[in-house]
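What follows is a short report on a single structure.
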Amino acid sequence: MPNVFRGKAQVSGTDANGDFDIIVYPYNESQDMTHEFEEDVIQDPTGSDMAWRSRNEKIMGDIGVFFVGDTVAHAKTGAAFFAPYAIMTVTNCAVAAWNTTWQYVSGSTINQKNNDTARGHLRFRRYVDATQNILAATTPS
Amino acid sequence: MIMADVESIPAPAPTAATDSPAVAAPLTPYERKMAAVKLYYDTNDRQERKALVKKYPILKEVFSAANHDS
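In the order they appear, the protein sequences are chains A and C.
Residue 71 in my numbering sits at position 71 of the first sequence; the count goes up by one each step and never skips.
Residue 200 in my numbering sits at position 59 of the second sequence; the count goes up by one each step and never skips.
Right, here's the structure in full:
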């Protein structure tokens, strides 16, 4: 049943309209992004930070999924790992930071429990620098 | 035995109401990839999945060998 909203507008739930192209049957339970960058921090003679340099800015994505489907077969086949560095293109998400090309990274999980629907976490990475992100999604020839 | 084929999946219908071409355009590389991905998801047998990966090399870049014992 659709949600009914009053008061301040909100970003609500996961993206029902989002298109995560290689995730066809699993259903998003959660969508988490973590902003990361490496940094060099230079300290003065007293040990206090005095200069900062950031580099390698990226976003780590963690999509929690239920393994469900319109048929039992689809629910089962949806529980699949992707190849290392598989490319996922995301469009139509409410939070614009999702809408780009992502690289599948290590650490995804498929979890089954005796009294619960199987679920998992699919982990991805994208770089903030456009050139770097294109490189991350390019198969060398 | 694999019954479906990527080429048998029709391309999306043109959306423009007025000057749409009468014949649907061939699949773009992206559409071809997605059609192959859907075939893979629609295949529950490990040997069939393995055969699909052999037939469509793009699937090697999308799905882990852990899913199909290759």
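For each residue, glycine too, the CB sits at the ideal point set by N, CA and C.
Bear in mind the structure is a predicted one, so any value in this text is a computation, not a measurement.
How about residue i and residue j: are their beta carbons less than 8 Å apart?
i	j	result
I59(A)	N28(A)	no
H209(C)	K191(C)	yes
T101(A)	N56(A)	no
A83(A)	I110(A)	no
F81(A)	S108(A)	yes
T184(C)	T117(A)	no
R119(A)	V105(A)	no
I23(A)	L122(A)	yes
G61(A)	Y25(A)	no
Quick one, which of the options has its alpha-carbon nearest residue i's?
i	options	result
E202(C)	R187(C), A166(C), D186(C) and Y181(C)	Y181(C)
D19(A)	K76(A), N99(A) and E39(A)	N99(A)
C93(A)	Q31(A), Y25(A) and F124(A)	Q31(A)
A96(A)	P140(A), V11(A) and G7(A)	V11(A)
Y214(C)	P140(A), T89(A), N17(A) and R6(A)	Nothing in the structure corresponds to residue 214(C), since chain C is present only between 142 and 211.
T14(A)	V65(A), N115(A) and Q112(A)	V65(A)
Any idea what DSSP makes of residue i, helix, strand or coil?
i	result
A207(C)	helix
G120(A)	strand
Q10(A)	coil
A27(A)	Checking the displayed sequence, the identity of residue 27(A) turns out to be Tyr instead of Ala. In the structure shown, Y27(A) sits in a strand (DSSP, three-state: E or B).
Hey, how far is the Cα of residue i from the Cα of residue j?
i	j	result
D146(C)	W52(A)	55 Å
V194(C)	M33(A)	31 Å
S54(A)	R187(C)	45 Å
Note down, in chain order, every chain D residue with its Cβ under 7 Å from the Cβ of residue i.
i	result
I22(A)	No chain D appears in the structure shown, which is made up of the protein chains A and C.
May I ask you to check if the CB of residue i is nearer than 7 Å to at least one heavy atom of the ligand HEM?
i	result
C93(A)	Ligands in the displayed structure: none, and consequently the ligand HEM is not present.
Next item on the list: Write down every uninterrupted run of the beta strand (DSSP E) in the stretch 29-68 of chain A whose length is 3 residues or greater and which is fully enclosed by it, in chain order.
Entry: 49-66
Item checked: Sequence ranges, beta strand (DSSP E) only - wholly within the stretch 84-141 of chain A, length at least 3 -> 87-91, 101-104, 109-113 and 116-127
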